Amino acid sequence: SLHASTVGFIYSQTPYGQQASQIAQQTAAQYGIKLAVNAGVDATATDVSPLLSRIRDAGAQAILSILTGPIQLVVAKNSASLGLNMPLIMGADDPGTLQSASASYANSYLLASAPQAYPDVPIASRKAAVKAFRDQWAKQGQGLTGIVGATEGWDEVQLLVAAVKASHATKGPALRDALEKASLVGTTTDYHYSSGDHTGQQKVANPFAIGQYHGSTLKLVAPFPTSPAG
């Protein structure tokens, strides 16, 4: 919905960020996207203005960032200081970090997951999965801080439980085989594992929406899919 065909992609210098960079490089053209810049960022950097200027000068219409933590705020503040007006689309991170970054740069957006946007989740099975997690999360007195990582851990436990029940095993080849056949509607995405796909994500559609924070209120500007992925 942001109508950008040329983007600058910035990522953390971590295995996660580097893998995201490789995937972006390999798949961008399939979606009609040109990567004007594809560059890593040191998470401890206090000024990324030169990189942002390079992205601007390369003709990018948007910035996609796969970063976490305070560096998100650095990118947002530097974008504002440079007078940029292109959208900054941030990847998954704690809501507090994303809210602070959004307050610093008005044209900030984020990839919103179902646990962040709940109850504004259109797929009933996903909404039920999120509710089950959030009910337990609330019992621990937790707010939204840490929710992104916690939901991933929750889904992993549910997958393991399903595989143990299916295989009647807690270790060995039987459990491995069950995991390779496991499917789950998770809190954030669907999982469909196979012997050739140990990520469970190769046949799963994009499960995210695009949102924008106004203070602590998340508004979706590009909605979630309305039917299950995969």
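Residue numbers (the working numbering): 27 to 256. Virtual Cβ for every residue (Gly too), placed ideally from N, Cα, C. Bear in mind the structure is a predicted one, so any value in this text is a computation, not a measurement.
Assumed close pair residue i, residue j - CB separation to whole angstroms, cut-off 8 Å
{"i": "residue 37", "j": "residue 66", "result": "6 Å"}
{"i": "residue 235", "j": "residue 143", "result": "6 Å"}
8 Å Cβ cutoff met for residue i and residue j
{"i": "residue 91", "j": "residue 112", "result": "no"}
{"i": "residue 141", "j": "residue 214", "result": "yes"}
{"i": "residue 78", "j": "residue 110", "result": "yes"}
{"i": "residue 139", "j": "residue 106", "result": "no"}
{"i": "residue 101", "j": "residue 74", "result": "yes"}
{"i": "residue 206", "j": "residue 193", "result": "no"}
{"i": "residue 125", "j": "residue 47", "result": "no"}
{"i": "residue 185", "j": "residue 208", "result": "yes"}
{"i": "residue 114", "j": "residue 133", "result": "yes"}
Beta-carbon proximity list for residue i, same chain, < 6 Å, skipping 5 on both sides
{"i": "residue 256", "result": "Here residue 256 scores only 48 on pLDDT, less than 50, and its place in the model is too uncertain to base an answer on."}
{"i": "residue 153", "result": "147"}
{"i": "residue 84", "result": "62, 63"}
{"i": "residue 35", "result": "50, 61, 64, 90"}
{"i": "residue 250", "result": "148, 235"}
Alpha-carbon spacing of residue i relative to residue j, whole angstroms
{"i": "residue 198", "j": "residue 121", "result": "39 Å"}
{"i": "residue 104", "j": "residue 53", "result": "28 Å"}
{"i": "residue 289", "j": "residue 169", "result": "Residue 289 lies beyond the range of the chain shown here (27 to 256); nothing can be said about it."}
{"i": "residue 30", "j": "residue 86", "result": "8 Å"}
{"i": "residue 201", "j": "residue 188", "result": "10 Å"}
{"i": "residue 128", "j": "residue 239", "result": "6 Å"}
{"i": "residue 123", "j": "residue 246", "result": "18 Å"}
{"i": "residue 158", "j": "residue 232", "result": "22 Å"}
{"i": "residue 252", "j": "residue 244", "result": "19 Å"}
Residues bridged to residue i (per DSSP)
{"i": "residue 238", "result": "245"}
{"i": "residue 64", "result": "35"}
{"i": "residue 216", "result": "211"}
{"i": "residue 135", "result": "115"}
{"i": "residue 223", "result": "220"}
Same chain, Cβ closer than 7 Å to residue i, five either side skipped, listed in chain order
{"i": "residue 196", "result": "190"}
Same chain, Cβ closer than 8 Å to residue i, five either side skipped, listed in chain order
{"i": "residue 119", "result": "93, 94, 95, 98, 136, 174"}
{"i": "residue 39", "result": "66, 67, 68, 69"}
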